[in-house]
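**Q** The sequence shown: position 99 = 109 (my numbering), numbered continuously.
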Amino acid sequence: MWTSPIEWERQGARYPLEDIIPELYGEFLIVLLMGLIIGVIFFILSGVFFKRATDIIAHASNVSLFSAGGLVYLIGAILVVIGIGLILILIAYLLVGIAFFMLKEKPKEEQLQITEFNY
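1. How many whole angstroms separate the CB atoms of serine 56 and alanine 87, which I take to be in contact at a CB cut-off of 8 Å?
2. Confirm, please, whether the CB-CB distance from isoleucine 108 to leucine 98 is below 7 Å.
3. CB-CB under 7 Å to aspartate 65, same chain, minus the five flanking residues each way: which ones, in chain order?
4. Whole angstroms is fine: what's the gap from leucine 100's alpha carbon to alanine 70's?
5. For isoleucine 92, which of Val58, Tyr83, Val50 has the nearest alpha-carbon?
6. Among the candidates Ile40, Val82, Leu43, whose CA atom is the shortest distance from the CA of glycine 8?
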């Protein structure tokens, strides 16, 4: 009975996946690369929509830290390719969280009216 790869070689056996794995490297790398590209595209799209949402909240509440958090998130979404983007996204969430604590409890009646906000 074969118990280790060394004994397999002594018996003249070939590794079962030896011929299969090199053929799958190219396909695996293509699928991995396509998944990464699609993931980055979704990160950038989420950054654009998050920036728009935080700009609207910053305009309505007069707390500019929302806008800064949205900008940091967008930059982080773009830089997620090189790895530093995930750290920036975490910082953006912290900035937006701090901005929520800076909101006043009861906004004035004038601020409750939502005006059209164009980009």
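Using N, Cα and C, we set each Cβ at its ideal position, and we do this for glycine too.
Since we're looking at a predicted model, the values are computed, not measured.
**A** Considering the structure as presented:
1. On the sequence shown, residue 56 is found 46 positions in, with the first residue counted as 1. On the sequence shown, residue 87 is found 77 positions in, with the first residue counted as 1. Rounded, the Cβ-Cβ distance is 6 Å, consistent with contact.
2. To locate residue 98, count along the sequence shown from 1; it is residue 88. To locate residue 108, count along the sequence shown from 1; it is residue 98. Contact annotation: leucine 98 and isoleucine 108 have beta-carbon atoms that are not nearer than 7 Å.
3. For the purposes of this step, residue 65 is identified with residue 55 of the sequence shown, where counting begins at 1. Within its own chain, the residues whose Cβ lies closer than 7 Å to the Cβ of aspartate 65, once the five positions on either side in sequence are excluded, are Ser77, Gly80, listed in chain order.
4. Locating residue 100 in the sequence shown gives position 90, counting from the first residue. Locating residue 70 in the sequence shown gives position 60, counting from the first residue. Rounded to the nearest whole angstrom, the C-alpha separation of leucine 100 and alanine 70 is 24 Å.
5. The residue you call residue 92 lines up with position 82 of the sequence shown. When each option's Cα is compared against that of isoleucine 92, the closest is Val50.
6. Residue 8 lies beyond the range of the chain shown here (11 to 129); nothing can be said about it.
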